[in-house]
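Here the structure is laid out as structure tokens; the discussion comes afterwards.
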Amino acid sequence: MKRQATIELTDLKLVTQIGTYGPFDVKPEFHLLNLVLQINIDKVLIASDEMQYVFDYDPLIKEIDRLAAERLYETQEHLMTRIAYACAVYEEVKAVEIYLRKSPVLNGSGSLGVRLTLCEASTNELRNKKSLNH
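Here it is as structure tokens:
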């Protein structure tokens, strides 16, 4: 069995505005984020119960919150791209899966989302690009 460690964030309600809507369009009431980060296993299998040995995800969550609220996004995909870059900043993060969805979609029901999965090579590629300039 492969040794793997992940950090999983589910159903984080983002304070964000995504898309432009006409008077008869269904405007989402909320956007939810699921995030799975594959991290170095030595950040989970620790010998001592001290924060210095684990991956501190709080700064990343604060950055995601900042990015979401920063501006109006035309697409979910662009916000997801910015979140992917934010995750890649951390050397401990080996791979990333992002699932962003909005609800409702029609008749007060349903959710519609986009999922992005980045393997270790793709995450490193983003890390080497350093930032997204828009």
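All letters in the sequence shown, in the order written, are residues 2 to 135 by this note's numbering.
Ideal placement from N, C-alpha and C gives every residue a C-beta, glycine not left out.
Which residue marks the beginning of the alpha helix (DSSP H) containing Glu-98, and which one marks its end?
First-last for Glu-98: 94 to 104, but that is the beta strand (DSSP E), not the alpha helix (DSSP H).
Count the other C-beta atoms from every protein chain shown that fall within 10 angstroms of the C-beta of Pro-24, then say buried if there are 16 or more, exposed otherwise.
exposed
Which class does Glu-78 belong to by DSSP, given the choice of helix, strand or coil?
helix
Find the nearest neighbour of Tyr-86 within the set Ile-99, Thr-76, Glu-75 and Tyr-74, judged by alpha-carbon distance.
Ile-99
Look at the alpha carbon of Ala-122 and the alpha carbon of Ile-40, and state the distance between them as a whole number of angstroms.
Per the coordinates, the alpha-carbon of Ala-122 lies some 14 Å from the alpha-carbon of Ile-40.
Could you pull out every residue in the same chain whose Cβ sits closer than 6 Å to the Cβ of Arg-4, ignoring the five residues on either side in sequence?
Ile-42
Terminal residues of the continuous beta strand (DSSP E) containing Ala-14?
Looking at the sequence itself, residue 14 is Lys, so the reference to Ala does not match. Element bounds for Lys-14: 6 to 15.
So, Gly-109 versus Leu-33, is the Cβ gap smaller than 9 Å?
no
Nearest-angstrom Cα distance between Arg-72 and Glu-51?
37 Å
Suppose the cutoff is 7 Å on Cβ atoms and the five residues either side in sequence are ignored; what does the same chain contact list for Ala-1 look like?
Residue 1 lies beyond the range of the chain shown here (2 to 135); nothing can be said about it.
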